[in-house]
Each structure stands twice: as C-alpha cells, then as structure tokens.
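Contents: one structure, followed by commentary.
Numbering (our numbering), first residue to last: 28 to 237.
Listed below in structure tokens is the structure:
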C-alpha cells in the first residue's frame with residue numbers, strides 16, 4: 028500500500044484517484060444509509076497534495092450533491108504531517124469544510140511533536156489517538172496515562188475522541204471506562220467489503236433489538 032500511495036504522489040495521480048475514492052465512499056454511505064434509520068458518517072483520508080489542490084472542497088461538494096447526501100454524511104481526516112506541510116493553507120481549507128458542516132478529524136494523534144499546537148490552531152471536531160498509545164493501554168501505566176490525558180484534554184477543548192487499534196475486550200473496557208467516545212479496530216471487525224459491512228451492521232442491529 029505504501030508503494031502504491033508513493034507512486035500516486037510521484038505520478039501526480041493522487042488527485043484524480045482521490046476523486047474516484049470519494050465517489051466510491053459516498054456511494055457506499057448512501058447505500059448503507061438507505062437501509063438504516065440512523066444515518067452513518069463516512070470518513071475519508073486527505074493527503075497533503077489533495078488539501079493543497081484548488082478543487083478539493085469543490086470536488087467534495089459536487090460528490091455530495093451527486094449522491095444526494097448532506098454534508099453531515101462525511102468526515103475528512105488529516106494527519107499531523109499533512110497539516111504541517113502548509114499550515115496556513117490547511118487551516119483555510121479545513122475552515123471552509125467545517126463551515127459547510129463537514130466534520131474534521133486529526134488522525135494518528137500523538138505521533139509528532141506539534142500535536143498539541145494543532146489542537147489549538149486547527150478547526151477540529153475529532154481527535155484520533157494513535158494505535159501506539161492503545162496497544163498496551165491495559166498493561167502499561169505510561170500509555171494509560173497518556174491516553175487518559177489526551178481524552179481529558181480533548182474533551183476540555185470540546186473535541187470527541189476516537190481510539191485507534193483496539194483489539195481486545197480489555198482495551199475496550201479501559202477506554203470506555205475513561206470516557207473515550209468511540210473506538211476502531213479489530214475488536215469491532217476486520218476490514219469488510221460493502222456487502223459484508225451491510226450484513227455486519229444489520230446483524231448488530233438485530234442483536235440490539237433482541
């Protein structure tokens with residue numbers, strides 16, 4: 028995957044490929060939400076090149092219009108590295124997205140030196156704790172202290188928190204017990220195709236109703 032992403036960037040195809048991925052993602056969320064009473068939100072990752080491209084926000088709006096979706100159906104995730112490539116330009120684009128009602132997430136939080144400054148300077152809605160801080164959260168006091176501090180700080184700033192890389196019931200129980208809003212990882216499910224994802228969600232809803 029890394030080699031593929033690097034090739035896209037080197038050949039200049041990352042923007043047109045990003046449009047294809049966006050269209051597929053929006054088509055998937057429309058299909059999922061037609062089957063649900065409670066709508067879901069789809070998150071897409073944005074590279075530094077996409078954030079700098081003048082058509083990025085326009086492409087997102089056009090995609091949402093094409094699939095008949097509200098802006099609340101989409102979240103854009105950025106990494107610290109991408110944000111730091113062009114801080115002012117990134118802030119400008121993210122403000123435009125957020126003013127349109129699109130949620131903004133800071134992905135892999137804690138992996139760089141400027142994370143705390145980004146919490147202050149970027150228009151964010153969600154902080155995603157990197158998996159390196161959740162891997163041993165139930166057995167390593169240092170990781171536990173870092174994760175709980177991030178959760179508390181983010182909540183004080185009015186941000187929701189997602190923990191990445193959750194793979195065990197013990198990790199899940201620890202995070203929920205310390206106020207983490209959401210989790211992602213193999214504890215919930217492995218990566219799924221769209222049909223398998225639909226079946227997974229429907230089976231969970233059936234268990235809840237039962």
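Ideal placement from N, C-alpha and C gives every residue a C-beta, glycine not left out.
- By the criterion of a C-beta distance shorter than 8 Å, residue 137 is surrounded in its chain by 156, 157, 159, 160, 173 and 177, once the five residues flanking it on both sides are discounted.
- By the C-beta density criterion, residue 117 is buried, having at least 16 other C-beta atoms within 10 angstroms.
- Rounded to the nearest whole angstrom, the C-alpha separation of residue 63 and residue 211 is 20 Å.
- By the Cβ test, the region 121–130 is in contact with the region 98–105, since at least three Cβ pairs between them sit closer than 8 Å.
- The beta-bridge partner set that DSSP reports for residue 187 consists of 153.
- For residue 105, the enclosing beta strand (DSSP E) starts and ends at 101–106.
- Runs of beta strand (DSSP E) with 3 or more residues, each lying fully within the region 43–105, are found at 69–72, listed in chain order.
- For residue 193, the closest alpha carbon among the candidates 165, 144 and 53 is that of 165.
- Here residue 153 is near residue 189, since their CB atoms are less than 8 Å apart.
- The beta-carbon distance between residue 46 and residue 86, rounded to whole angstroms, is 6 Å. This is short enough to meet the 8 Å contact definition.
- Note that the C-beta distance between residue 184 and residue 146 is below 8 Å.
- With 16 or more neighbouring CB atoms inside 10 Å of its own CB, residue 53 falls in the buried class.
- Taken through DSSP and simplified to helix, strand or coil, residue 210 comes out as strand.
- The alpha-carbon of residue 71 is positioned some 13 Å away from that of residue 44.
- A distance below 7 Å between beta-carbons, with the five flanking residues on each side excluded, links residue 81 to no residue of its chain.
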